[in-house]
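As structure tokens, the structure follows; a few thoughts come after it.
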Ligand SMILES: *Cc1c(COP(=O)(O)O)cnc(C)c1O
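In full-length UniProt numbering, the protein residues as written are 1 to 469.
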């Protein structure tokens, strides 16, 4: 299994070489040269597997430069009941006869990003060990990604994490979650600025090639292929749990932002998993919904991105979308480059001539959910089923509704637990979300965080002093 760039300018490389990289050298994204395919008989033979064993089967098809026994060790270390709270790792929670939640948020930070990040932590450590190398992860976070990365990489050999966050702009819960980590390889940096300014500092450091090479600076952003591959696993898991025999189909509804989660569903479908529909749910930031409705992709600038009550989906430039367009264009790298050139020149590209294929060939449909929809969906779901859902999951439940069909299970991906976004929960049902027992004392724990000015030089100096080497 080798990986190429969506833009055609990279000689195919093995998994371990693309693992630690961000963009391909030509500005494109790494994708498998050919996708593995899974036939119905193989799929049926997987029904009795544990989550970790299923992950070994599926990830083994994307990773052929890690011996199978080692890979199994990594998946079993990542997907343990002690980390995800139950033997099943990903529970199905029925809301009605046809709709269930796919419980992806049982990990340490209560959001689905733990599913991929926990595996990434183990595979990073493994590859760095083999190469006798070190890596310093530098990132910016407004919440979910940073905490998932820190919990996955805490205490890992060879890796340090430097995570910038905007001072005073995260929820108390999110702050407590990140800043209470006492591991020496985890460095929280609270910057006196907003998220975009944190992001600008990270970009400035990433373009300082000398600094980057000297300190082995890397990233764990949403374009990392290993994250996508790890996410493919739970689509197979959901299908296996929601069906009883081969040939049955399942639809998935996915609260979307950077197009990473639903891209994994697209990959699973391309591999042969019988998925009927992939329902893409956005909040008021509906760039992706607009694409699936009109065929025109027109990302928006940060100042036109609304701050909503499903904040992890407040994204107007979906970093993984290029991988889907690559498939849409039948993997024609010239055609893909033409789209991205047009995007750079005019701010948009137009694939409306392909509109009929979005659903018929790829199963994609889309819809928007607003703040009022979220409140209403959280409230009615709670009243009718007793299940409390978070605002992002509510967007998925709302947008899924018109696509529910009799006899076809609809699995809504539960991308976070309500305790993380309790203000909106309180607005919806008049009381806060319960905090899981093991996290109740979190905000009383001592916090470990460096306060810094909004200054590239100050952050650079701190990293140079504390980097793993
Ligand atoms: C990251 C995130 C999303 C969006 O996922 P993408 O892979 O960026 O589409 C949705 N919900 C929650 C809670 C998230 O943390």
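We put the beta carbon where it would ideally sit given N, CA and C, even for glycine.
Should residue i go down as buried or exposed, given a rule of 16 or more other Cβ atoms within 10 Å for buried?
i	result
residue 279	buried
residue 303	exposed
residue 78	buried
residue 431	exposed
residue 323	buried
residue 97	exposed
residue 242	buried
residue 373	buried
residue 205	buried
residue 231	buried
residue 412	buried
residue 132	exposed
residue 233	buried
residue 306	exposed
residue 346	exposed
residue 445	exposed
residue 519	No statement about residue 519 is possible, as the shown extent of the chain runs from 1 to 469 and does not include it.
residue 244	exposed
residue 172	exposed
residue 377	buried
Can you tell me where the beta strand (DSSP E) with residue i in it begins and where it stops?
i	result
residue 190	186 to 191
residue 277	275 to 282
residue 441	Element bounds for residue 441: n/a, residue is neither H nor E.
residue 165	159 to 166
residue 137	135 to 140
residue 365	364 to 368
residue 94	92 to 94
residue 220	Looking at the DSSP string, residue 220 is not in any beta strand (DSSP E), and its letter there is neither H nor E.
Could you give the DSSP three-state label for residue i: helix, strand or coil?
i	result
residue 408	strand
residue 299	coil
residue 453	coil
residue 326	helix
residue 414	strand
residue 13	strand
residue 147	helix
residue 398	helix
residue 30	strand
residue 23	coil
residue 255	strand
residue 350	strand
residue 85	coil
residue 232	helix
residue 387	coil
residue 435	coil
Below 7 angstroms CB to CB, which residues in the same chain sit around residue i once its five sequence neighbours on both sides are set aside?
i	result
residue 277	251, 363, 365, 403
residue 435	419
residue 214	none
residue 237	51, 54, 90
residue 417	105, 110, 390
residue 179	188, 447, 448, 449
residue 108	83, 114, 151
Could you spell out the range, first to last residue, of the alpha helix (DSSP H) harbouring residue i?
i	result
residue 126	113 to 131
residue 260	260 to 270
residue 4	Counting along the chain, residue 4 falls outside any alpha helix (DSSP H), though it belongs to the beta strand (DSSP E) covering 2 to 5.
residue 102	Note, residue 102: premise wrong, no alpha helix (DSSP H); beta strand (DSSP E) at 99 to 103.
residue 45	40 to 45
residue 60	51 to 62
residue 200	195 to 206
So, at 8 angstroms on beta carbons, what are the nonlocal neighbours of residue i in its own chain, with the 5 sequence-adjacent residues on each side left out?
i	result
residue 353	295
residue 275	235, 239, 249, 250, 251, 252, 265, 268, 269, 363
residue 25	5, 9, 10
residue 35	267, 270, 271
Less than 8 angstroms separating the beta-carbons of residue i and residue j?
i	j	result
residue 368	residue 381	no
residue 228	residue 260	yes
residue 189	residue 3	no
residue 308	residue 6	no
residue 395	residue 221	no
residue 270	residue 327	yes
residue 167	residue 200	no
residue 460	residue 162	no
residue 58	residue 71	no
residue 340	residue 30	no
In chain order, what residues of the same chain lie with their CB nearer than 6 angstroms to the CB of residue i, ignoring the 5 residues before and after it?
i	result
residue 40	246
residue 176	442, 443
residue 258	222, 315, 318, 319, 320
residue 81	87
residue 94	100
residue 451	190
residue 33	2, 4, 12
residue 155	183
Taking 8 angstroms as the CB-CB limit, is residue i close to chain D?
i	result
residue 67	Protein chain content of the structure displayed is limited to a single chain, and chain D is not contained in it.
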